[in-house]
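In this text, residue positions in the first sequence follow our numbering: the first is -12, and each later residue adds one.
Even for Gly, the Cβ is constructed at its ideal location relative to N, Cα and C.
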Amino acid sequence: MPFWLMKSEPEELAISTLQKLGQTRWDGVRNYQARNFLREMRDGDLFFFYHSSCPRPGIAGIGRIVGEAYPDPSALDQRSPYLDPKASMEKNPWSAVDVRFVEAFADILDLTNLRGRPELADLALLKKGNRLSVMPVAEEEWAAVLALR
DNA sequence: GCCAACGTTGGC
DNA sequence: GCCAACGTTGGC
């Protein structure tokens, strides 16, 4: 079962909000590489929920993929900040997935903590210049992060 | 607010 | 297809 990491600005969607909602749509991904990862996701896959662009960036919890990727409605929504003027019902290049809350960590595993761990050296998140909002996580790294909770 | 790094766009 | 200019991400 593949593992993933997905970034969200907590002002947009925080792990606590997902906890309250139970389930929601993960939309607005506007990068082709990240979109391709969304399309590789399968029902039941787990992902680390990462808080970005906030006072304390880091891994805040775990979510689960529900079903598979489908065309992202926000690309066609006039009122959405994610509107893509070039997208149409017939040709919508963007994908979204539904996600369920699994767990909120008691304490966020912040970036400085993660960076200090030699066993996480291969984590894509920590690689220099990585700005992907959706990325795969190897099983060893998944286990290593869980051990830090 | 700054800036490094990367992605996208568009002229040629 | 190249590449400069511009836009975005995201940590600090």
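Per the coordinates, the alpha-carbon of residue 95 lies some 28 Å from the alpha-carbon of residue 23.
Judged by beta-carbon spacing, residue 85 lies beyond the 8 Å limit of residue 121, meaning their Cβ atoms are not closer than that value. Looking at 60, 3, -4, the one whose alpha-carbon comes closest to that of residue 12 is 60. Burial check for residue 37: the Cβ neighbour count within 10 Å reaches 16 or more, so the residue is buried.
Pairing residue 41 with residue 118, the inter-Cα distance amounts to about 15 Å. A contact is defined here as three or more CB-CB pairs under 8 Å, and the stretch 66 to 83 fails this definition with respect to the stretch 120 to 134. Pairing residue 90 with residue 46 gives a Cβ-Cβ distance that is not under 8 Å. Excluding its 5 nearest sequence neighbours in each direction, residue -10 has C-beta neighbours in its own chain below 6 Å: 33, 124, 129, listed in chain order. Between the beta-carbon of residue 29 and that of residue 51 there is about 11 Å, and that puts the pair past the 8 Å contact cut.
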